[in-house]
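Just so we're aligned, residue 4 is where the sequence shown starts under the numbering used here, counting upward by one.
Every residue gets a Cβ at the ideal spot worked out from N, C-alpha and C, and that includes glycine.
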Amino acid sequence: MIKLVASDLDGTLLQGGAQSLSPRSEDLIRRLTEKGIHFVAASGRQYDNERRVFAALHDDISYIAENGSVCIHQGEVISRSTIDPDLCRRILEEIKREGNFEVVVSREDSCFIENNDEAFVNHIVNVMHNTTQIVDDIREVDGPILKIAICNMNDGPHIVDKYQKHLQDMFSSEIKVVTSGNIWIDFIAPGTNKGAALEKLINRLGIKPEECMAFGDQYNDVEMLQFVGTSYAMSNAAPGISYYSTYVTDSVDDVLEDLLATLP
Numbered sequence: 004m005i006k007l008v009a010s011d012l013d014g015t016l017l018q019g020g021a022q023s024l025s026p027r028s029e030d031l032i033r034r035l036t037e038k039g040i041h042f043v044a045a046s047g048r049q050y051d052n053e054r055r056v057f058a059a060l061h062d063d064i065s066y067i068a069e070n071g072s073v074c075i076h077q078g079e080v081i082s083r084s085t086i087d088p089d090l091c092r093r094i095l096e097e098i099k100r101e102g103n104f105e106v107v108v109s110r111e112d113s114c115f116i117e118n119n120d121e122a123f124v125n126h127i128v129n130v131m132h133n134t135t136q137i138v139d140d141i142r143e144v145d146g147p148i149l150k151i152a153i154c155n156m157n158d159g160p161h162i163v164d165k166y167q168k169h170l171q172d173m174f175s176s177e178i179k180v181v182t183s184g185n186i187w188i189d190f191i192a193p194g195t196n197k198g199a200a201l202e203k204l205i206n207r208l209g210i211k212p213e214e215c216m217a218f219g220d221q222y223n224d225v226e227m228l229q230f231v232g233t234s235y236a237m238s239n240a241a242p243g244i245s246y247y248s249t250y251v252t253d254s255v256d257d258v259l260e261d262l263l264a265t266l267p
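Take a look at the structure:
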């Protein structure tokens, strides 16, 4: 029996660039929680942002944010991981040398960006509604740092893929470098991922992996998809993601509807 459902947000539960839950999704998740099934929002987004997306559900659900760097259940931090300050400095120096990527540095209380690209600033502040501070030099942000994310909104996914390979060659022995959507690359602390955070959460809740269901569409979802007993890759997922999942689906909502139909 499924006792917990975890879902990625962008490209998975939220489709087509949506920044809020559809009424159908909200209703399905509420009905799941009323049946005693835990729901976990598992995203690369910051915790504050996830809370806004699920404002109508408040602490009825749990949160894995910043790609597993922080896991929070009913206001309690279950796990937290940070990036070594020297490694942060070297990553940011390398990105600055390249020059074609905007940077988001994430702390637990806020994310930090520079005011270099009007469209990027608008996306972070007014589209995603992140809790944000704008700084003159991203390299001067004090830690502890949960995650570094970089974005290219102008040149297309092929540029992102090429630069990711370069960054992996430089840093993969020290930190995880993964795509998080077609235009984003994330740096995540060693040993940190959505699956590891979910494991800590279910240990707290007394739930087994085989009693969990998960949904995802990118390589930052792989560990979570592999960890649970039943997993779904989205049909429009990044190439190869379906290899790590049990099934493929066009719609999280459709699967949740089917799950609810099996419950007493």
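Can you pull the DSSP bridge partners for residue i?
i: H76; result: S65, E79
i: I191; result: K150, K179
i: T36; result: DSSP output for T36 lists no bridge partner at all.
i: H132; result: Per DSSP, none; premise fails for H132.
i: I116; result: I137
Evaluate residue i with the Cβ neighbour count: other Cβ atoms within 10 Å of its Cβ, from every protein chain shown; 16 or more gives buried, anything less gives exposed.
i: K165; result: exposed
i: A58; result: exposed
i: Q77; result: exposed
i: R100; result: exposed
i: M237; result: buried
i: E226; result: buried
Which residues bound the beta strand (DSSP E) around residue i?
i: I137; result: 135-138
i: M237; result: 233-237
i: A200; result: Counting along the chain, A200 falls outside any beta strand (DSSP E), though it belongs to the alpha helix (DSSP H) covering 197-208.
i: V43; result: 41-45
i: A217; result: 215-219
Measuring CB to CB, does residue i end up less than 8 Å from residue j?
i: V43; j: L266; result: no
i: I127; j: T135; result: yes
i: V255; j: F218; result: yes
i: L12; j: V80; result: no
i: A200; j: C74; result: yes
With residue i as the anchor, note down where its alpha helix (DSSP H) starts and where it stops.
i: F123; result: 121-125
i: G14; result: Looking at the DSSP string, G14 is not in any alpha helix (DSSP H), and its letter there is neither H nor E.
i: M227; result: 225-230
i: E105; result: Counting along the chain, E105 falls outside any alpha helix (DSSP H), though it belongs to the beta strand (DSSP E) covering 105-109.
My assumption, with CB atoms under 8 Å, is that residue i sits in contact with residue j. Please give the rounded CB distance.
i: K150; j: I116; result: About 13 Å; that fails the 8 Å criterion.
i: N223; j: N70; result: 5 Å
i: G47; j: S183; result: 4 Å
i: E97; j: I153; result: Not quite, the Cβ-Cβ distance comes to about 10 Å (not below 8 Å), so this is no contact.
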